[in-house]
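Presented below is the structure to which this report refers.
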Amino acid sequence: MSLAEQLVSDLRAAMIAGDTVRRDVIRFLRASITNAEIELHRALTDDEILGVIRGQIKQRRDSIELFRKGGREDLAESETAQIGILQDYL
Numbered sequence: 848m849s850l851a852e853q854l855v856s857d858l859r860a861a862m863i864a865g866d867t868v869r870r871d872v873i874r875f876l877r878a879s880i881t882n883a884e885i886e887l888h889r890a891l892t893d894d895e896i897l898g899v900i901r902g903q904i905k906q907r908r909d910s911i912e913l914f915r916k917g918g919r920e921d922l923a924e925s926e927t928a929q930i931g932i933l934q935d936y937l
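Counted the way this note's numbering counts, the sequence shown spans residues 848 to 937.
Below, the structure is given as structure tokens:
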């Protein structure tokens, strides 16, 4: 099963289970993958999808740093949980 197929399967499972955090993370990730595919005019390989995932993790780490500087520990914890979900695919 390709990584893209795994994401679709996991999205369905998250929706059925009512796991809104996982559902939202996977939806955002799939949107980022789709945007990259549109830019390249082709489907991404699994390695390219992993690159998109790494980029998402980096963005969230940057956000965590900014949230902590701003005193928003609640948002930092939310981003940390999202990183955990993304790391499941690496």
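Every residue, glycine too, gets a C-beta built ideally from N, C-alpha and C.
Excluding sequence positions up to five away, which residues of its chain have a Cβ less than 6 Å from the Cβ of residue i?
i           : result
residue 872 : 929 and 932
residue 886 : none
State the Cα-Cα distance for the pair residue i and residue j, rounded to the nearest angstrom.
i           : j           : result
residue 876 : residue 915 : 24 Å
residue 893 : residue 905 : 18 Å
residue 910 : residue 926 : 7 Å
residue 862 : residue 917 : 32 Å
residue 903 : residue 913 : 15 Å
residue 919 : residue 881 : 31 Å
residue 934 : residue 907 : 12 Å
Taking its Cβ as the centre, do 16 or more other Cβ atoms sit within 10 Å of residue i, making it buried, or is it exposed?
i           : result
residue 896 : buried
residue 859 : exposed
residue 857 : buried
residue 923 : buried
Kindly give me the distance between the Cβ atoms of residue i and residue j, rounded to whole angstroms, as I take these residues to be in contact under 8 Å.
i           : j           : result
residue 899 : residue 879 : 5 Å
Skipping 5 residues on each side, what residues in its chain have a beta carbon closer than 8 Å to that of residue i?
i           : result
residue 883 : 891, 895 and 899
Considering only residues of the same chain and omitting the five flanking positions on each side of residue i, which have a CB-CB separation below 7 Å?
i           : result
residue 936 : 850 and 900
residue 870 : 858, 861 and 862
_Every unbroken alpha helix (DSSP H) inside the segment 877 to 930 [4 residues or more]_ = 893 to 916
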